[in-house]
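Here is the structure we will look at.
Numbering (the UniProt record's numbering), first residue to last: 1 to 484.
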């Protein structure tokens, strides 16, 4: 099945070569309509006669199944009506809705960054921070960063003449926005950098990644969808959401009326008793309770156990398994109150034994290794309690299986050599042949690297507490908390 899928979803460059090879001998024998899409002759582009919704005549819809390097398979669709000239195009993901939503960030710093490919699905919203402009979710696009802005400018400019005669003030304000956006596209002095954010709850959007670029330019984070976002992507209906909310309210009401009532979880052999009766067993047993699966919303089991990390704090290890869709997740969450300051931990690894140190990376932590060109943004990989070797191994496997292996055939020699050099450096670090520095920055101070010299200070480790910025407090939702 995998080999069959590989033949169907080829990179665009390979698809073009196939078309040229297939058409060359056929054009010598018979006269073929030059559409580049005669699927009966084995071409990858398929033509389907379909109804034009503008004039109700017959038009042509063309479908191309292809894959995007460093992303996944998509279907490119275009429609053209020969009668009225109506044209449109869009893209649709060929894969299922992802387990988590995806958020991409790109720092546009020069003209070439405007030419980066963008996959914007029908559920994705785009935001240009410095311009204070947000493009809401609508039909899917295969375009560039510049293409998104130009399309928006075309929409704004379309009715400017009519606005001028009706409301001169509104016309001038819109024209001011148009000129400002054009100045950014033309990279005029004082405009760049421009921060571009692409947020897709379905996880099927993408911004082109270029290996070897500075770590601050491009980032990708994943997150669990809210119930409202599950409605947006079509996993549940609005009526199902209201029913779920009502069930939660009824459940909470019954718990308030009967605080000591035992809550059964799953089978009779697996029970979670409320703290009112079994609080003495809380720290000694693995607690199991029923939760909704974030992927399919069916009920599954979540296992939870508090663990005290010496010389740090208490953490909660959680594991979720869904019998319906097979979804699995393992996360670690820190307990206790929100600290007043963030924390930055730096460890210089100059001995292979450092790879065996325990490490706790929370969801809010950013981890970077400058010597290896590795940076793990907030939200990526979720909360993890493992060893330094285990974390690096997971980074290696994720990039190798999800990015390099799937796209190596479409890479040029320079890009392939960069990836091979990156994996070589990472493998040397895993084998203890290379020295490197681990930097963990967590605004909630919920991350930790084991101090093997505890309770004495570690000569290779520095820990610095710092005041969070207002922007960090805003992202964490702390500015709106009222404790009075």
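By construction, the Cβ of each residue, glycine as well, lies at the ideal position given by its N, Cα and C atoms.
*So, do the stretch 45-63 and the stretch 114-129 have three or more beta carbon pairs nearer to each other than 8 Å?*
no
*Return helix, strand or coil for residue 344, following the three-state DSSP convention.*
Stepping through the chain shown from its first residue, residue 344 is reached at position 344. Residue 344 falls in the strand class under three-state DSSP.
*Could you pull the start and end residues of the alpha helix (DSSP H) that residue 65 belongs to?*
Numbered from 1 along the chain shown, position 65 holds the residue referred to as residue 65. For residue 65, there is no enclosing alpha helix (DSSP H); the residue is part of the beta strand (DSSP E) that begins and ends at 58-67.
*When the Cα atoms are used, what is the spatial distance from residue 281 to residue 332?*
Residue numbering aside, residue 281 sits at position 281 when the chain shown is read from its first letter. Residue numbering aside, residue 332 sits at position 332 when the chain shown is read from its first letter. Its pLDDT being 44, under 50, residue 281 is placed unreliably by the model, and nothing is read from it.
*With distances taken between CB atoms, is the gap from residue 101 to residue 225 smaller than 7 Å?*
By 1-based counting over the chain shown, the position of residue 101 is 101. By 1-based counting over the chain shown, the position of residue 225 is 225. Yes, they are a contact pair.
_Residue range of the unbroken beta strand (DSSP E) whose run includes residue 125_ = Looking up residue 125 in the chain shown gives position 125. Segment 125-128, the beta strand (DSSP E) holding residue 125.
*Going by the CB atoms, is the gap between residue 298 and residue 319 shorter than 7 Å?*
The count along the chain shown starts at 1 and reaches residue 319 at position 319. The count along the chain shown starts at 1 and reaches residue 298 at position 298. Result no, Cβ atoms of residue 319 and residue 298 do not sit closer than 7 Å.
*Please go through the same chain and pick out, in chain order, the residues whose beta-carbon is closer than 6 Å to the beta-carbon of residue 103, but skip the five residues on each side of it.*
Reading the chain shown from its first residue, position 103 is the one you call residue 103. Cβ within range, chain order: 199, 221.
*Three-state secondary structure (DSSP) at residue 473?*
For this step, residue 473 is matched to residue 473 along the chain shown. In the structure shown, residue 473 sits in a helix (DSSP, three-state: H, G or I).
*Identify whether residue 310 lies in helix, strand or coil by the three-state DSSP scheme.*
Here residue 310 refers to the residue found at position 310 when the chain shown is read from its first residue. Here DSSP, grouped into helix, strand and coil, assigns residue 310 to coil.
*Quick one: using the 10 Å Cβ neighbour count with 16 as the cut-off for buried, is residue 56 buried or exposed?*
Stepping through the chain shown from its first residue, residue 56 is reached at position 56. Under this definition residue 56 is an exposed residue.
*What's the C-alpha gap between residue 370 and residue 438?*
The residue labelled residue 370 in the question sits at position 370 within the chain shown. The residue labelled residue 438 in the question sits at position 438 within the chain shown. Computed Cα separation, rounded: 8 Å.
*asked:* Below 8 Å, how does it come out for the stretch 184-194 and the stretch 79-92: are there three or more Cβ pairs, yes or no?
replied: no
*Could you give the C-beta distance for residue 430 and residue 396, rounded to a whole number, given that I count them as a contact under 8 Å?*
The residue labelled residue 430 in the question sits at position 430 within the chain shown. The residue labelled residue 396 in the question sits at position 396 within the chain shown. At roughly 7 Å, the Cβ-Cβ gap stays under 8 Å, so residue 430 and residue 396 are in contact.
*Alpha carbon to alpha carbon, what distance is there between residue 202 and residue 236?*
Locating residue 236 in the chain shown gives position 236, where the first residue counts as 1. Locating residue 202 in the chain shown gives position 202, where the first residue counts as 1. Going from the Cα of residue 236 to the Cα of residue 202 covers about 13 Å.
*Let me know the secondary structure DSSP gives residue 324 once reduced to three states.*
Position 324 of the chain shown holds residue 324. In the structure shown, residue 324 sits in coil (DSSP, three-state: anything other than H, G, I, E or B).
*Status (buried if at least 16 other CB within 10 Å, exposed otherwise) for residue 113*: Residue 113 sits at position 113 when you count from the first residue of the chain shown. It counts as buried.
*With respect to the alpha helix (DSSP H) encompassing residue 166, which residues constitute its N-terminal and C-terminal limits?*
Your numbering for residue 166 matches position 166 in the chain shown. Taken as a continuous stretch (DSSP letters only), the alpha helix (DSSP H) holding residue 166 covers 160-166.
*Shortest alpha-carbon distance to residue 476 belongs to which of 456, 338, 135?*
Counting from 1 along the chain shown, the entry for residue 476 is found at position 476. The option with the nearest alpha carbon to residue 476 is 338.
*Note down the Cα distance separating residue 140 from residue 75, rounded to an integer number of angstroms.*
Here the question's residue 140 lines up with position 140 in the chain shown. Here the question's residue 75 lines up with position 75 in the chain shown. Straight-line Cα distance between these residues: approximately 10 Å.
*Can you give me the start and stop residues for the beta strand (DSSP E) that residue 103 sits inside?*
Taking the first residue of the chain shown as position 1, residue 103 is located at position 103. First-last of the beta strand (DSSP E) with residue 103: 101-108.
_Residue range of the alpha helix (DSSP H) that includes residue 425_ = Residue numbering aside, residue 425 sits at position 425 when the chain shown is read from its first letter. Counting along the chain, the alpha helix (DSSP H) containing residue 425 begins and ends at 413-430.
_Contact under 7 Å by Cβ, residue 207 with residue 357_ = By one-based count along the chain shown, residue 207 stands at place 207. By one-based count along the chain shown, residue 357 stands at place 357. For residue 207 and residue 357, no; Cβs fall outside 7 Å.
_Using a 10 Å radius around the Cβ and a threshold of 16 neighbouring Cβ atoms, would you call residue 366 buried or exposed?_
Taking the chain shown and counting its residues from 1, one reaches residue 366 at position 366. Residue 366 should be labelled buried.
*Per DSSP, cross-strand counterpart(s) of residue 330*: Here residue 330 refers to the residue found at position 330 of the chain shown. In the DSSP output, where bridge partners are listed per residue, residue 330 has 319.
_Can you check which of these residues, 223, 422, 424, is closest to residue 381 by C-alpha distance?_
Numbered from its first residue, the chain shown carries residue 381 at position 381. If we check each option's Cα against that of residue 381, 223 comes out closest.
*Please state whether DSSP places residue 178 in a helix, a strand or coil.*
As a first step, residue 178 must be located in the chain shown, where it is residue number 178. Helix.
*For residue 453, is the classification buried or exposed, using 16 other Cβ atoms within 10 angstroms of its Cβ as the cut-off for buried?*
On the chain shown, position 453 is the one that residue 453 refers to. Exposed, by the Cβ-count rule.
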